[in-house]
Amino acid sequence: LSFQFMQRGLDSQTKKQLEEEEKKIISEEHWYLDLPDLREKESFIIEERSFMPCEDLLYGRMSFKGFNPEVEKLMIQMNSQGKEEEIEVDDKMEADVSDEEMARRQYETLVGTIGKKFLRKRDQRVLQDEDEDGNTNTRPSKKAKKKFLKPQD
Amino acid sequence: QYVPVRGDHVIGIVTAKAGDVFKLDVGGSELASLSYLAFEGATKRNRPNVQVGDLIYGRFLVANKDMEPEMVCIDGSGRSSGMGVIGQDGFLFKVSLGLIRKLLAPKCEIIQELSQLYPFELVLGMNGRIWVKAKTVQQTLIIVNILEACEHMTAEQRKQVLGKFSGN
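Protein chains in written order, with UniProt numbering: chain A, 1 to 153; chain B, 1 to 168.
Shown next as structure tokens:
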């Protein structure tokens, strides 16, 4: 089958016209439902086939008076799972440091560490001394060089 | 008649072992399938010890009217949380679905009163099956009979009956 609109020689306009006409012919051969467009109704009904959430049923395995201690542990665990969810929603963990504070701190330290990288050697030493001064109150001006210590007999 | 519903916990009886899959009778119109990998800690080499005739407490993973129901003995995070093969001894019997719902209600008087009698273990399946195990056969049967009769007794009659047994 060679559709006329597929021929390369023809102008684009005539091509388009032919295309449309032949599309119509083709589509008429295809079967389609001649129904009006039904809008999907937003249903407010949700189907729930299980009884569990309706009546808040307990867990099916039970043990009484210590007959099966594992099952008794399970009972406490499973039956409090529902309540735990409620509690979680109510109180959120209050962070020790607020988000802004955290971001600010991180930024400052980051700037510091990268800035150090580009310091010249002298400046680096000064920085080091300043840090150490903070730790110890009195110290000699020069750092004592680490010497080899003879092991005592 | 029980209709399998996804998420429901039921007691199933193993009727057949077909290669890697067990066929369970859950009281519905079809047999449910249970893969041997659907147990906690099961691998191809480490197979669960399940024989024909065993009782399994599991939940439905797939349960719709177009497909065969599928069960698993594992929860969302891969733990068994009480599911799996139900141990030796004990007694399995059927009750109506309505009674199961009543028994599983948060503050069920029947269960509370029974729990005062003597130590025992109970598994309730949403498919109407209950499994009971107590120290002696007699105690087990007493509990079975009370649960079966509960449907038709009023609260007073029940307390009367339980009063008789709490002396023993």
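All C-beta atoms, glycine included, are put in the ideal place defined by N, C-alpha and C.
Just checking my contact of residue i with residue j at CB under 8 Å: how many whole Å lie between their CB atoms?
i                     : j                      : result
residue 74 of chain B : residue 38 of chain B  : 5 Å
residue 70 of chain B : residue 61 of chain B  : 5 Å
residue 64 of chain A : residue 119 of chain B : 6 Å
residue 57 of chain A : residue 79 of chain A  : Rounded, the Cβ-Cβ distance is 10 Å, inconsistent with contact.
Provide the residue span of the beta strand (DSSP E) that contains residue i, from first to last.
i                      : result
residue 129 of chain B : 129-134
residue 57 of chain B  : 55-62
residue 13 of chain B  : 9-18
residue 122 of chain B : 120-124
residue 24 of chain B  : 21-25
Compute the Euclidean distance between the alpha carbons of residue i and residue j, then round it to the nearest angstrom.
i                      : j                      : result
residue 75 of chain A  : residue 81 of chain B  : 10 Å
residue 65 of chain B  : residue 26 of chain B  : 15 Å
residue 127 of chain B : residue 109 of chain B : 21 Å
residue 68 of chain A  : residue 47 of chain B  : 25 Å
residue 59 of chain B  : residue 14 of chain B  : 14 Å
residue 63 of chain B  : residue 21 of chain A  : 50 Å
residue 101 of chain A : residue 111 of chain B : 55 Å
residue 54 of chain A  : residue 106 of chain B : 12 Å
residue 91 of chain A  : residue 148 of chain A : Here residue 91 of chain A scores only 49 on pLDDT, less than 50, and its place in the model should not be relied on; the value that follows carries that caveat. Going from the Cα of residue 91 of chain A to the Cα of residue 148 of chain A covers about 60 Å.
residue 123 of chain A : residue 112 of chain A : 13 Å
residue 115 of chain B : residue 6 of chain B   : 30 Å
residue 117 of chain A : residue 146 of chain A : 26 Å
residue 119 of chain A : residue 104 of chain A : 23 Å
residue 16 of chain A  : residue 76 of chain B  : 57 Å
residue 140 of chain B : residue 98 of chain A  : 59 Å
residue 162 of chain B : residue 145 of chain B : 11 Å
residue 46 of chain A  : residue 71 of chain A  : 34 Å
Would you call the CB atoms of residue i and residue j closer than 9 Å?
i                      : j                      : result
residue 49 of chain A  : residue 124 of chain B : no
residue 142 of chain B : residue 92 of chain B  : no
residue 51 of chain B  : residue 28 of chain B  : no
residue 55 of chain B  : residue 11 of chain B  : yes
residue 166 of chain B : residue 104 of chain B : no
residue 4 of chain B   : residue 32 of chain B  : yes
residue 122 of chain B : residue 132 of chain B : yes
residue 78 of chain B  : residue 57 of chain B  : no
residue 34 of chain B  : residue 44 of chain B  : no
residue 52 of chain A  : residue 89 of chain B  : no
Can you tell me where the alpha helix (DSSP H) holding residue i begins and where it ends?
i                      : result
residue 98 of chain B  : 97-103
residue 158 of chain B : 155-166
residue 70 of chain B  : Residue 70 of chain B -> not in any alpha helix (DSSP H); beta strand (DSSP E) instead, spanning 70-72.
(request) Evaluate contact between the stretch 156-163 of chain B and the stretch 30-46 of chain B, counting only Cβ atoms and requiring at least three cross-stretch pairs below 8 Å. (result) Flag = no, the stretch 156-163 of chain B and the stretch 30-46 of chain B do not touch.
(request) Would you be able to state if there are at least three C-beta pairs under 8 Å between the stretch 133-153 of chain B and the stretch 95-103 of chain B? (result) Yes: at least three Cβ pairs fall under 8 Å.
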